[in-house]
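**Student:**
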Amino acid sequence: MRVEDIVRCFDEAHESGFWLDIEAPEEADYELLEKTFKFHPLTIEDIRHQNQRPKVDEYPEYNFTVIFVAVWENDEIALREHHLYVGAHYLITVHQEPSTQLKELAERVHKSPELTHGKPAFLTYLAIDALVDATFPVLENLDDEVDKLEDESF
127 MRVEDIVRCF DEAHESGFWL DIEAPEEADY ELLEKTFKFH PLTIEDIRHQ NQRPKVDEYP
187 EYNFTVIFVA VWENDEIALR EHHLYVGAHY LITVHQEPST QLKELAERVH KSPELTHGKP
247 AFLTYLAIDA LVDATFPVLE NLDDEVDKLE DESF
């Protein structure tokens with residue numbers, strides 16, 4: 127999508143909402159976030175430098191959220207950092223690695239736009255719900271591993 131199209135959609139967001147998902151951001155993406163959307167430079171810095179703490183920062187026009195998804199990777203748990211800009215009429219998600227959860231949500235919303243009720247706040251709920259729910263299988267596997275270790279040690 128061209129920058130002009132993104133800006134137009136963002137400007138029209140008050141009518142129908144707007145969701146932009148940025149994967150593996152490059153310099154042009156950071157510039158778009160800071161100069162076009164006018165997001166605070168500290169939020170851009172948080173995205174550039176991973177390993178932030180989970181948090182919600184409030185700004186006058188939006189909230190900035192950092193949330194993690196736990197995944198199994200080579201028999202170890204890896205945490206995938208996701209950043210969300212949540213405004214009254216938009217949601218912008220930013221992440222370094224592919225996000226199966228957000229991709230699946232985008233497909234669901236594309237097939238059934240009424241799913242979000244035309245509200246970015248509900249879309250934000252769906253995104254956070256998908257990201258948090260993805261962590262439960264990892265926790266269940268970890269619990270199974272702990273149970274096995276307990277059985278072996280007694």
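Using this note's numbering, read the sequence shown as starting at 127 and increasing by one per residue.
Ideal placement from N, C-alpha and C gives every residue a C-beta, glycine not left out.
This one's a predicted model, so the numbers in the text were calculated from it and none came from an experiment.
1) Could you tell me the distance, in whole angstroms, from the CA atom of Q227 to the CA atom of L217?
2) Return the residue from the list P186, N189, E184 and P180 that minimises the CA-CA distance to V195.
3) Give the range of the alpha helix (DSSP H) segment to which Y156 is assigned.
4) When the Cα of L210 is compared with those of F262, F165, E233 and T261, which residue comes out closest?
5) With respect to the alpha helix (DSSP H) encompassing A232, which residues constitute its N-terminal and C-terminal limits?
6) Do T219 and W145 have their CB atoms nearer than 9 Å?
7) At what residues does the alpha helix (DSSP H) containing T261 begin and finish?
8) Taking its Cβ as the centre, do 16 or more other Cβ atoms sit within 10 Å of H175, making it buried, or is it exposed?
9) Which residue wins for smallest C-alpha separation from L265, given the options L252, V197, Y251 and D172?
10) Sorted by chain position, which residues of the same chain lie with C-beta nearer than 7 Å to Y185's C-beta, five sequence neighbours on each side aside?
11) Apart from the five residues on each side of it in sequence, which residues of its chain come closer than 6 Å, Cβ to Cβ, to W202?
12) CA-CA distance, T242 and S279?
13) What does the alpha-carbon distance come out to for the pair L257 and E207?
14) Taking only three categories from DSSP, how would you classify Y211?
15) Going by the beta-carbon positions, is the gap between L252 and L231 smaller than 9 Å?
**Tutor:** In short, the structure shows the following:
1) 15 Å
2) P180
3) E153 to E157
4) F165
5) T226 to K237
6) yes
7) From DSSP, T261 is part of no alpha helix (DSSP H); its letter is neither H nor E.
8) exposed
9) V197
10) H166
11) Reading off the sequence shown, one finds Glu at residue 202, where the question assumed Trp. Excluding sequence neighbours, E202 sits near nothing in its chain.
12) 49 Å
13) 10 Å
14) strand
15) yes
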